[in-house]
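**Student:** Residue numbers (the working numbering): 358 to 701.
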Ligand SMILES: [Zn+2]
């Protein structure tokens with residue numbers, strides 16, 4: 358059996374220790390390099406002009422020669438107005454990238470030796486950047502689609518006499534949500550060109566109130582090309598897909614793999630990682646942020662065969678391309694996102 362990717366030397370190209378040892382100047386230069394490619398030719402975030410701006414070394418700021426705007430390496434990015442040293446931000450990204458099943462804000466706060474609140478906001482800003490830089494083109498080829506419920510049942514009462522029938526709809530947990538996933542498979546040609554590739558290619562996630570006909574059909578119409586092959590389980594909400602797609606089913610109450618080789622394994626492996634994060638790392642997810650967490654695991658799945666150094670650069674690149682967060686700016690001063698991201 359081949360060695361697991363994470364055990365190979367190829368998986369390791371990032372040293373959090375080396376990042377923790379960077380001097381302030383080196384950490385600053387590294388972020389400039391990632392944002393603009395150099396510290397010399399910087400891009401003014403206001404007028405977008407790339408040039409040799411005046412550098413005010415004592416403040417680590419530049420002044421634009423054409424519009425006189427003053428900016429730093431984090432201006433107009435998700436890290437704008439940061440109070441942490443840049444080295445700590447880089448180190449946090451390294452820790453975040455290495456946590457293949459996600460990381461809780463409490464653990465991050467201990468690793469960075471910062472307050473829980475600081476770690477919570479920082480991790481969410483990284484999640485928001487990953488989400489913001491995501492483009493969802495319609496999937497084609499073989500697509501696996503499935504839904505899984507979170508917060509599905511209410512906590513049982515202590516006394517048996519006080520307990521309710523949790524199977525009844527009236528006793529359902531009002532926080533119950535469904536994470537719906539769709540993933541396409543690498544084509545035979547893609548695998549032939551690069552034998553390293555296997556399994557799922559792109560993962561899209563959505564949060565809905567339930568797995569139902571209408572939501573499933575809408576999502577498939579928006580994000581799957583007509584006539585693609587869709588694998589699902591026996592759940593009746595997928596029945597309508599028969600009209601526009603080549604629908605293949607596996608009946609999970611009978612088998613994991615049908616006699617003609619149909620599985621829903623790409624979706625199952627997504628939920629496997631999602632549930633490891635849910636039960637083993639973050640423990641509790643507010644529905645308001647469920648979409649961010651679901652997408653985080655989609656990103657981790659899609660980058661599972663990339664080295665940690667590459668993912669680190671990719672994540673930081675996304676953070677530097679994402680404008681300051683409306684949802685997490687002043688979070689602990691009372692500014693919160695107030696609506697869930699639900700698909701219908
Ligand atoms: Zn300018």
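Heads up, the beta-carbon is just placed ideally off N, CA and C, and yes, glycines get one too.
Work out the CA separation of residue 541 and residue 572 for me, nearest whole Å.
**Tutor:** Here residue 572 is taken as the residue at index 215 of the chain shown, counted from 1. Here residue 541 is taken as the residue at index 184 of the chain shown, counted from 1. Whole-angstrom Cα-Cα distance: 19 Å.
**Student:** Would you mind reading off the limits of the alpha helix (DSSP H) that contains residue 563?
**Tutor:** For the purposes of this step, residue 563 is taken as the residue at position 206 of the chain shown. Per DSSP, residue 563 belongs to no alpha helix (DSSP H); it is in the beta strand (DSSP E), 557 to 565.
**Student:** To the nearest angstrom, report how far apart residue 694 and residue 478 are at their CA atoms.
**Tutor:** As a first step, residue 694 is located in the chain shown; it is residue number 337 there, counting from the start. As a first step, residue 478 is located in the chain shown; it is residue number 121 there, counting from the start. Straight-line Cα distance between these residues: approximately 12 Å.
**Student:** In its own chain, which residues sit with a C-beta less than 6 Å from the C-beta of residue 535, not counting the 5 before and 5 after it?
**Tutor:** The residue labelled residue 535 in the question sits at position 178 within the chain shown. Only 504, 506, 565, 567, 568 meet the Cβ criterion.
**Student:** Ligand 1 heavy atoms versus the CB of residue 423: any closer than 7 Å?
**Tutor:** For this step, residue 423 is matched to residue 66 along the chain shown. Yes - ligand 1 has a heavy atom lying nearer than 7 Å to the Cβ of residue 423.
**Student:** Does DSSP classify residue 434 as helix, strand or coil?
**Tutor:** Within the chain shown, the letter at position 77 stands for residue 434. Correct three-state label for residue 434: coil.
**Student:** Please report how far the alpha carbon of residue 611 lies from the alpha carbon of residue 487, in whole angstroms.
**Tutor:** Position 254 of the chain shown, counted from the first residue, corresponds to residue 611. Position 130 of the chain shown, counted from the first residue, corresponds to residue 487. Each residue's alpha carbon lies about 38 Å from the other.
**Student:** Going by DSSP, what residue range makes up the beta strand (DSSP E) through residue 542?
**Tutor:** Your numbering for residue 542 matches position 185 in the chain shown. It spans 534 to 542 - the beta strand (DSSP E) in which residue 542 sits, taken as one unbroken run.
**Student:** Would you tell me roughly how many angstroms separate the C-alpha atoms of residue 451 and residue 527, rounded to the nearest one?
**Tutor:** Translated into the one-based positions of the chain shown, residue 451 becomes position 94. Translated into the one-based positions of the chain shown, residue 527 becomes position 170. C-alpha separation (whole angstroms): 45 Å.
**Student:** Quick check on DSSP: helix, strand or coil for residue 594?
**Tutor:** The sequence position of residue 594 within the chain shown is 237, counting from 1. Here residue 594 sits in helix by DSSP.
**Student:** I need the DSSP call for residue 387, collapsed to helix, strand or coil.
**Tutor:** For the purposes of this step, residue 387 is identified with residue 30 of the chain shown, where counting begins at 1. Of the three classes helix, strand and coil, the one that applies to residue 387 here is helix, per DSSP.
**Student:** Are the Cβ atoms of residue 587 and residue 602 separated by less than 8 Å?
**Tutor:** Counted from its first residue, the chain shown places residue 587 at position 230. Counted from its first residue, the chain shown places residue 602 at position 245. Contact flag set, yes.
**Student:** Taking 7 Å as the line, does the beta carbon of residue 406 fall inside it for any heavy atom of ligand 1?
**Tutor:** Residue 406 sits at position 49 when you count from the first residue of the chain shown. Checking every heavy atom of ligand 1 against the Cβ of residue 406, one is found closer than 7 Å.
**Student:** When the Cα atoms are used, what is the spatial distance from residue 423 to residue 405?
**Tutor:** As a first step, residue 423 must be located in the chain shown, where it is residue number 66. As a first step, residue 405 must be located in the chain shown, where it is residue number 48. Distance between the alpha carbons of residue 423 and residue 405 is about 10 Å.
**Student:** Between residue 676 and residue 436, which are expected to be in contact by the criterion C-beta below 8 Å, what is the C-beta distance as a whole number of angstroms?
**Tutor:** Here residue 676 refers to the residue found at position 319 of the chain shown. Here residue 436 refers to the residue found at position 79 of the chain shown. Between residue 436 and residue 676 the Cβ distance is about 6 Å, and since that is below 8 Å, they are a contact.
**Student:** Excluding the five sequence neighbours on either side, which residues of its own chain have a C-beta within less than 8 Å of the C-beta of residue 461, listed in chain order?
**Tutor:** Position 104 of the chain shown holds residue 461. So the qualifying residues of the chain are 638, 639, 640.
**Student:** Give a single yes or no on whether residue 403 has its beta carbon closer than 7 Å to a heavy atom of ligand 1.
**Tutor:** Within the chain shown, the letter at position 46 stands for residue 403. Within the cutoff, so yes.
**Student:** For residue 483, I'd like the list of residues in its chain whose CB is within less than 7 Å of its CB, leaving aside the five on either flank, ordered along the chain.
**Tutor:** Taking the first residue of the chain shown as 1, we reach residue 483 at position 126. Only 450, 453, 672, 676 meet the Cβ criterion.
**Student:** Pick helix, strand or coil for residue 671, following the three-state DSSP scheme.
**Tutor:** Along the chain shown, read from residue 1 onward, the residue named residue 671 stands at position 314. Of the three classes helix, strand and coil, the one that applies to residue 671 here is helix, per DSSP.
**Student:** Looking only at its chain, what residues have a beta carbon closer than 6 Å to the beta carbon of residue 401, apart from the 5 residues adjacent to it on each side?
**Tutor:** As a working mapping, residue 401 is identified with position 44 in the chain shown. Hits under 6 Å: 421, 426.
**Student:** Which residue spans inside the region 452 to 497 form an unbroken beta strand (DSSP E) run of at least 3?
**Tutor:** Complete beta strand (DSSP E) runs here, min 3: none at all.
**Student:** Based on the DSSP secondary-structure assignment, which residues constitute the bridge partners of residue 604?
**Tutor:** For the purposes of this step, residue 604 is taken as residue 247 along the chain shown, with counting starting at 1. 587, per the DSSP bridge assignment.
**Student:** Considering only DSSP beta bridges, list what residue 419 is partnered with.
**Tutor:** Residue numbering aside, residue 419 sits at position 62 when the chain shown is read from its first letter. The partner list for residue 419 (beta bridge, DSSP) reads 412, 428.
**Student:** Locate the beta strand (DSSP E) running through residue 504, then write down its first and last residues.
**Tutor:** Mapped onto the chain shown, residue 504 falls at position 147. Note, residue 504: beta strand (DSSP E), 499 to 507.
**Student:** Mapping the DSSP letters down to three states, classify residue 527 as helix, strand or coil.
**Tutor:** Sequence index remark: in the chain shown, residue 527 carries index 170 (1-based). It is helical.
**Student:** Can you list, in chain order, the residues of its chain with a C-beta nearer than 6 Å to that of residue 633? Leave out the 5 residues immediately preceding and following it.
**Tutor:** Mapped onto the chain shown, residue 633 falls at position 276. Around residue 633: 458.
**Student:** Where does residue 581 fall in DSSP's three states?
**Tutor:** Working through the chain shown from its first residue, we reach residue 581 at position 224. If DSSP states are grouped into helix, strand and coil, residue 581 belongs with the strands.
**Student:** Helix, strand or coil: how does DSSP classify residue 400 here?
**Tutor:** Taking the first residue of the chain shown as 1, we reach residue 400 at position 43. Strand, per DSSP.
**Student:** With a threshold of 7 Å, establish whether the CB of residue 588 neighbours any heavy atom of ligand 1.
**Tutor:** Within the chain shown, the letter at position 231 stands for residue 588. Checking every heavy atom of ligand 1 against the Cβ of residue 588, none is found closer than 7 Å.
**Student:** Between the Cα of residue 403 and the Cα atoms of 366, 651, 514, 419, which residue gives the shortest distance?
**Tutor:** The sequence position of residue 403 within the chain shown is 46, counting from 1. Comparing Cα positions, the closest option is 419.
**Student:** Report buried or exposed for residue 714, applying the criterion of at least 16 other Cβ atoms within 10 angstroms of its Cβ.
**Tutor:** Because the chain is modelled from 358 through 701, residue 714 falls outside the range shown and cannot be assessed.
**Student:** Return the CA-CA distance between residue 643 and residue 685, expressed in angstroms with no decimal places.
**Tutor:** As a working note, residue 643 is residue 286 in the chain shown. As a working note, residue 685 is residue 328 in the chain shown. Using only the alpha carbons, I get a separation of about 14 Å.
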